[in-house]
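A.B. asks: Once you've had a glance at the structure underneath, I'll fire off some questions.
Numbering (our numbering), first residue to last: 73 to 339.
This is the structure:
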């Protein structure tokens, strides 16, 4: 049995640990105790969450709650949601306590390629430069990575609350806009711009590119309309052939591409 002095030392060490190293069960217990809730209170509240969503998986039994706090048991996603709701915590942050970094999903997913063009979830945080080197001149071409002295993060919700942008991924098998838009590119799509025009641009860089849902997948390319027909027009240097669908039965315009991160070499 450990001595009283040993218990005190262990307790002091735990209290002085950085927050990021605290056991997630301990953090959840601290959150519960800060609110003055007992195990019974949490169980009763979880029944209310379960009733609200008509799923018994949200229920937290007293024995399970004790295991989560004291035995390192990892809660299921439904029970984690109940805990976050009852304790008024951010569920994404709680997942981070268990080393599941949902805030990094956009960054972690970018290097992962896929053969088909598809919609992609929006980022939840943005890494932005906070301070530039005093020698930075925006009028001149520069190696930007060396000119940024400090980076920071902004919550994606700050942008999503005022923006309706969607994101698309150009599949590795989609060469319809190659070489202007290479396979593996990430595109930003504005759903408010869905009107396909057959004229009005001065060159290929001004011509609008659209992301279109063709029911069996997605296409990211130039398009023309002819009555109820929507026609895909590949880039002149692309090996792909034109395609035609009927509107709206066979195709739906998701929106116009307004931003792009494209590859200059093959992925």
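By construction, the Cβ of each residue, glycine as well, lies at the ideal position given by its N, Cα and C atoms. No experiment lies behind these values; they were computed from the predicted model shown.
Among residues of its own chain, excluding the 5 on either side of residue 119, which ones have a beta-carbon nearer than 8 angstroms to its beta-carbon?
C.D. replies: Answer for residue 119: 131, listed in chain order.
A.B. asks: Taking DSSP's pairing of strands, which residues face residue 192 in a bridge?
C.D. replies: In the DSSP output, where bridge partners are listed per residue, residue 192 has 239.
A.B. asks: From 164, 301, 331, pick the residue whose C-alpha is nearest to that of residue 315; which is it?
C.D. replies: If we check each option's Cα against that of residue 315, 301 comes out closest.
A.B. asks: Tell me the residue span of the alpha helix (DSSP H) that contains residue 178.
C.D. replies: First-last of the alpha helix (DSSP H) with residue 178: 177–181.
A.B. asks: Which class does residue 75 belong to by DSSP, given the choice of helix, strand or coil?
C.D. replies: Because residue 75 carries a pLDDT of 49, less than 50, the predicted location of this residue cannot be relied on, and the following value inherits that uncertainty. DSSP places residue 75 in coil when its eight states are reduced to three.
A.B. asks: Determine the direct distance from the alpha carbon of residue 236 to that of residue 326, and round the result to whole angstroms.
C.D. replies: Taking the straight line joining both Cα atoms gives about 12 angstroms.
A.B. asks: Do you know offhand how far residue 168's Cα is from residue 247's?
C.D. replies: For residue 168 and residue 247, the distance between alpha carbons rounds to 38 angstroms.
A.B. asks: By DSSP, does residue 262 sit in helix, in strand, or in coil?
C.D. replies: Here residue 262 sits in strand by DSSP.
A.B. asks: How would you call residue 251, buried or exposed, if buried means at least 16 neighbouring beta carbons within 10 angstroms?
C.D. replies: Exposed, since its Cβ has fewer than 16 Cβ neighbours within 10 Å.
A.B. asks: With a threshold of 16 other CB atoms inside 10 Å of the CB of residue 151, please say whether the residue is buried or exposed.
C.D. replies: Burial call: buried.
A.B. asks: Any contact of the stretch 272–290 with the stretch 171–182, i.e. 3+ C-beta pairs under 8 angstroms?
C.D. replies: Not touching, per the Cβ criterion.
A.B. asks: Can you give the Cα-Cα distance for residue 322 and residue 245, rounded to whole angstroms?
C.D. replies: The straight-line gap from Cα to Cα measures roughly 21 angstroms.
A.B. asks: In chain order, what residues of the same chain lie with their CB nearer than 6 angstroms to the CB of residue 188, ignoring the 5 residues before and after it?
C.D. replies: Once the five neighbours on either side are set aside, the close Cβ partners of residue 188 are 243, 289.
A.B. asks: Reducing DSSP to helix, strand and coil, say where residue 315 ends up.
C.D. replies: Strand, per DSSP.
A.B. asks: Which of the three DSSP states, helix, strand or coil, is assigned to residue 169?
C.D. replies: Three-state DSSP puts residue 169 in a helix.
A.B. asks: Does the Cβ of residue 248 lie closer than 7 angstroms to at least one heavy atom of the ligand FAD?
C.D. replies: Among the ligands in the structure shown, none appear at all, so the ligand FAD cannot be discussed.
A.B. asks: Using a threshold of 8 angstroms, state whether the C-beta atoms of residue 324 and residue 261 are closer than that.
C.D. replies: Not closer than 8 angstroms, so no.
A.B. asks: What residue does the beta strand (DSSP E) around residue 291 start on, and which one ends it?
C.D. replies: Run containing residue 291: 290–298, per the beta strand (DSSP E) assignment.
A.B. asks: Using the Cα positions of residue 181 and residue 333, report the straight-line distance between them to the nearest angstrom.
C.D. replies: Cα to Cα, residue 181 sits roughly 14 angstroms from residue 333.
A.B. asks: For residue 148, which residues from the same chain have a beta carbon less than 8 angstroms from its beta carbon, with the 5 sequence-adjacent residues on both sides left out?
C.D. replies: Contacts found: 129.
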